[in-house]
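*Asks:* What follows is a structure written as structure tokens; I'll ask about it next.
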Amino acid sequence: MFEVFEKEKIIVVLMFVCLLISILVRLVLAFVYQEMIQETENMSTTNHKMLKQCKLKFSNCCKMNNGMQNIPIFVDKFLNRLALWKIPLDTVYHLSGQFMLLSVVFSGIGTCKQLAKGSVLGEVIPFYLFCMIGVYLYFTVSSVLDVQGKKNNLKINLIDYLENHMSSRIQGVDEEIRNFEGAKPSEKKSVELIPLGERRPEIVHFSNESSAELEALLKEFLTFS
């Protein structure tokens with residue numbers, strides 16, 4: 003029954019290659035998003051290049067604009083700029099579906115060629131079977147990987163970190179800087195300098211008994227002198 007594949011080797015190879023590429027692309031996208039999701043669990047110490055750029059840009063925007071008013075839009079823009087081999091991830095995601103459709107197109111081309119050469123319907127059934135199995139496999143893998151769901155989870159993690167952690171830290175630092183810069187200088191205590199070598203006499207207060215004893219000693223000293 004599969005003798006028709008031997009007659010259309012080039013078309014069959016293109017069918018399988020396009021199907022394989024479409025599935026591999028979904029696997030790569032799922033891996034990329036899953037890796038970033040794991041890194042967002044510990045954003046403060048992450049070494050992921052794109053996430054570090056996100057933190058740096060967010061910090062700069064907050065400092066320039068005195069805060070960030072709409073963090074979800076900032077995260078959406080960041081996710082739209084993510085690229086794989088310099089191709090945006092959204093474009094790569096859609097290319098995966100296009101390769102799947104291209105595989106179906108090649109299958110249809112092979113069927114039409116064999117029918118034009120006089121083949122009967124039963125001889126081209128393998129092309130139909132390939133289409134059904136290929137489409138089923140593609141959508142099964144896509145639903146299991148759930149690339150869009152991973153992207154949404156990444157967005158939620160980024161918004162949570164930027165809004166509830168990093169934003170509050172930046173605001174706290176800015177407030178401390180403003181308080182430090184706007185604080186009144188403490189009043190300086192006036193200190194009177196005494197020239198070197200000069201000492202002011204200190205006034206000593208004695209009790210009545212001490213005063214009487216001193217007077218008696220002075221009298222004795224005067225009488226003997």
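Numbering (our numbering), first residue to last: 3 to 227. Glycine included, each C-beta is placed from N, C-alpha and C at the ideal position. What you are looking at is a predicted structure, and each value in this text was computed from that prediction instead of being measured.
#1: In whole angstroms, give me the CA-to-CA distance for I13 and T93.
#2: Going by CA-CA distance only, name the one from D162, E10, D78 and S24 that's closest to L104.
#3: Within 10 angstroms of the Cβ of E5, are there 16 or more other Cβ atoms? Answer buried if so, exposed if not.
#4: Pairs of beta-carbons, one from the segment 153-168 and one from the segment 34-46, closer than 8 Å: are there three or more?
#5: Give me the Cβ distance between P90 and L97, rounded to the nearest whole Å; I'm assuming they're in contact under 8 Å.
#6: Assuming K152 contacts I73 under a Cβ cut-off of 8 Å, what Cβ separation, rounded to an integer in Å, is found between them?
#7: Let's test the definition: count the other Cβ atoms within 10 Å of the Cβ of V34 and tell me whether it reaches 16, buried, or not, exposed.
#8: Check each candidate in H50, L58, V30 and F101 and name the one with the smallest Cα separation from F76.
#9: Please return the same chain residues whose Cβ sits closer than 8 Å to the Cβ of S145, not counting the five positions on each side in sequence.
#10: Among residues of its own chain, excluding the 5 on either side of D78, which ones have a beta-carbon nearer than 8 Å to its beta-carbon?
#11: Going by C-alpha to C-alpha distance, which of V15, Q116, A32 and K54 sits closest to N155?
#12: Sort out for me which residues DSSP pairs L269 with in a bridge.
#13: Please report the distance separating the alpha-carbon of L131 from that of C64.
#14: What number of angstroms, rounded off, separates the C-alpha of L22 from the C-alpha of D162?
#15: Quick check on the burial criterion: 16 or more other C-beta atoms within 10 angstroms. Buried or exposed for N68?
#16: Determine the direct distance from the alpha carbon of F18 to that of D148, and round the result to whole angstroms.
#17: When you compare the CB positions of E41 and L53, do they come within less than 8 Å of one another, or not?
#18: Quick one: Cα of I179 to Cα of F80, how far?
#19: Quick check on DSSP: helix, strand or coil for M52?
#20: According to DSSP, simplified to helix, strand and coil, what is V122?
*Replies:* According to the structure data:
#1: Counting from 1 along the sequence shown, the entry for residue 13 is found at position 11. Counting from 1 along the sequence shown, the entry for residue 93 is found at position 91. Taking the straight line from one Cα to the other gives about 26 Å.
#2: Taking the sequence shown and counting its residues from 1, one reaches residue 104 at position 102. For the residues D162, E10, D78 and S24, the minimum Cα distance to L104 belongs to S24.
#3: Against the sequence shown, residue 5 aligns to sequence position 3. Its Cβ having fewer than 16 others within 10 Å, E5 is exposed.
#4: Touching, per the Cβ criterion.
#5: Indexing the sequence shown from 1 puts residue 90 at position 88. Indexing the sequence shown from 1 puts residue 97 at position 95. 10 Å between Cβ atoms; not a contact.
#6: Position 150 of the sequence shown, counted from the first residue, corresponds to residue 152. Position 71 of the sequence shown, counted from the first residue, corresponds to residue 73. With a Cβ gap of about 20 Å, K152 and I73 do not count as contacting.
#7: Taking the first residue of the sequence shown as 1, we reach residue 34 at position 32. Residue environment: V34 is assigned as buried (16 or more neighbouring CB atoms within 10 Å of its CB, all protein chains considered).
#8: As a first step, residue 76 is located in the sequence shown; it is residue number 74 there, counting from the start. Nearest neighbour of F76 by Cα position, chosen from H50, L58, V30 and F101, turns out to be L58.
#9: As a position in the sequence shown, residue 145 is number 143, starting the count at 1. Answer for S145: no residue qualifies.
#10: Within the sequence shown, numbered from 1, the residue matching residue 78 stands at position 76. In chain order, K157 place their CB closer than 8 Å to the CB of D78, counting only its own chain and leaving out the 5 sequence neighbours on each side.
#11: Looking up residue 155 in the sequence shown gives position 153. By alpha-carbon distance to N155, the top candidate from V15, Q116, A32 and K54 is A32.
#12: Past the boundaries of the shown model lies residue 269; the chain is included only from 3 to 227, so the question cannot be answered.
#13: Working through the sequence shown from its first residue, we reach residue 131 at position 129. Working through the sequence shown from its first residue, we reach residue 64 at position 62. Near 57 Å, if we compare the C-alpha coordinates of C64 and L131.
#14: Sequence index remark: in the sequence shown, residue 22 carries index 20 (1-based). Sequence index remark: in the sequence shown, residue 162 carries index 160 (1-based). Cα to Cα, the separation comes out at about 36 Å.
#15: What you label residue 68 is simply residue 66 of the sequence shown in a count that begins at 1. Here N68 is exposed. Its C-beta has fewer than 16 other C-beta atoms within 10 Å.
#16: Locating residue 148 in the sequence shown gives position 146, counting from the first residue. Locating residue 18 in the sequence shown gives position 16, counting from the first residue. Approximately 23 Å between the Cα atoms of the pair.
#17: The residue labelled residue 41 in the question sits at position 39 within the sequence shown. The residue labelled residue 53 in the question sits at position 51 within the sequence shown. Against a cut-off of 8 Å, the Cβ pair of L53 and E41 comes out as a contact.
#18: By 1-based counting over the sequence shown, the position of residue 179 is 177. By 1-based counting over the sequence shown, the position of residue 80 is 78. Confidence at I179 is low in this model, with a pLDDT of 47, below 50, so its placement is unreliable and the value that follows should be read with caution. Looking at the backbone, the Cα of I179 and that of F80 are separated by about 29 Å.
#19: For this step, residue 52 is matched to residue 50 along the sequence shown. Correct three-state label for M52: helix.
#20: Along the sequence shown, read from residue 1 onward, the residue named residue 122 stands at position 120. Assignment of V122 by DSSP, reduced to helix, strand and coil, places it in the coil class.
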